[in-house]
Amino acid sequence: MPELQLMFNRHRKYMLYLLSLYVLGWGFTQYQSVFLGLILGTTISLYNHWLMVRRTKRFGEAMETGKSFRSFGTVTRMVAAVLAVMIATKYPEYFNFLCVILGLVTSYVVIMIDFIIHHIIQTHK
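In terms of UniProt numbering, the sequence shown opens at residue 1 and continues consecutively.
This is the structure we're talking about:
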């Protein structure tokens with residue numbers, strides 16, 4: 001499980017860097033709705049990623065102790081994504097809908113890029 005926590009820490013760091021860039025873009029460009037949509041989607045994506053890591057740890061602990069395990073929180077993560085979409089559709093003047101959707105998949109993109117980078121590093125050792 002320490003590997004899972006190390007990976008999540010890296011992913012969180014990358015996503016916080018992205019959020020920082022989005023905040024700068026929101027503050028210093030004329031594309032406020034685009035960057036606000038990215039901020040909303042990426043924030044929900046980071047929350048969903050954190051929730052999944054937390055549930056995965058609990059699943060591992062339950063398997064080690066032989067206890068039962070309810071779920072991975074799929075419904076909770078879907079509700080969070082639907083909430084972001086609902087906010088974007090209710091306030092289209094503030095949030096770009098497409099950018100909210102792109103923000104929601106940010107964690108998956110970060111995970112894939114991190115995997116590729118670490119796979120390349122491991123093969124060249």
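Every residue, glycine too, gets a C-beta built ideally from N, C-alpha and C.
All figures in this text were calculated on a predicted structure; none of them were measured in a lab.
Same chain only: Cβ atoms within 8 Å of residue i, ignoring 5 sequence neighbours per side
| i | result |
| --- | --- |
| PHE72 | MET52, ARG55, THR56 and PHE59 |
| LEU19 | ILE39, THR42, THR43 and LEU46 |
| PHE8 | HIS49, TRP50 and VAL53 |
| MET63 | PHE69 |
| ARG10 | ASP114 |
Beta-carbon proximity of residue i to residue j, cut-off 8 Å
| i | j | result |
| --- | --- | --- |
| ILE101 | GLY25 | no |
| ASN48 | ARG12 | no |
| TYR94 | LEU36 | yes |
| CYS99 | VAL23 | no |
Sequence-distant residues of the same chain with beta carbon closer than 6 Å to residue i, five excluded per side
| i | result |
| --- | --- |
| TYR14 | VAL110 |
| ASN96 | SER33, VAL34 and GLY37 |
| TYR108 | none |
Residues of its chain near residue i, where Cβ-Cβ distance is below 7 Å and the 5 sequence neighbours each way are ignored
| i | result |
| --- | --- |
| ALA80 | ILE44, TYR47 and ASN48 |
| ILE121 | none |
Residue environment, residue i, which counts as buried when at least 16 other CB atoms sit within 10 Å
| i | result |
| --- | --- |
| ALA88 | buried |
| LEU104 | buried |
| THR106 | buried |
Quick one: which unbroken alpha helix (DSSP H) runs of 4-plus residues sit fully inside the region 58–120? Chain order, please. Given a length threshold of 4 residues, each whole run of the alpha helix (DSSP H) inside the region 58–120 is given here in chain order: 74–90 and 97–104.
Quick one: complete alpha helix (DSSP H) runs, 4+ long, within the region 1–49? 2–28
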